[in-house]
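Worksheet for the structure shown next.
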Amino acid sequence: MINVLVLCVALHVVLLIICCLLQVVGVAAATVGLAIGLRKFDALNDSLHAELGLAIGCLIWAQPLVALLLRPKK
Numbered sequence: 003m004i005n006v007l008v009l010c011v012a013l014h015v016v017l018l019i020i021c022c023l024l025q026v027v028g029v030a031a032a033t034v035g036l037a038i039g040l041r042k043f044d045a046l047n048d049s050l051h052a053e054l055g056l057a058i059g060c061l062i063w064a065q066p067l068v069a070l071l072l073r074p075k076k
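Per my numbering, residue 3 is the first one in the sequence shown, and the count goes up by one each step.
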């Protein structure tokens with residue numbers, strides 16, 4: 003019985019680490035894509051596509067910042 007509990011906890015920790023790594027890779031990839039888009043194209047040409055891209059880039063960074071700054075205290 004104890005072995006099953008230990009395995010469940012270990013699996014939970016492994017999945018948490020994988021989730022965190024995927025979050026970091028996703029934010030990094032989106033940031034690189036946003037930087038390339040801003041640099042390579044005229045992103046401030048007042049088109050809806052450019053405005054949506056910039057808004058989504060800001061929202062991508064809002065999630066980890068809110069998670070770090072508003073983390074509940076244990």
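Where a beta carbon is used, it is the ideal one built from N, C-alpha and C, also for glycine. Treat the numbers as computed from the prediction; the structure is a model and nothing was measured.
In the three-state reduction of the DSSP assignment, Leu72 falls in the coil class.
Contact between Leu36 and Gly59 holds: CB atoms are separated by about 4 Å, below the 8 Å threshold. For the pair of segments examined, the stretch 25-33 was found not to touch the stretch 4-11: the number of CB pairs separated by less than 8 Å stays below three. A direct Cα-to-Cα measurement between Leu40 and Ala12 gives close to 42 Å.
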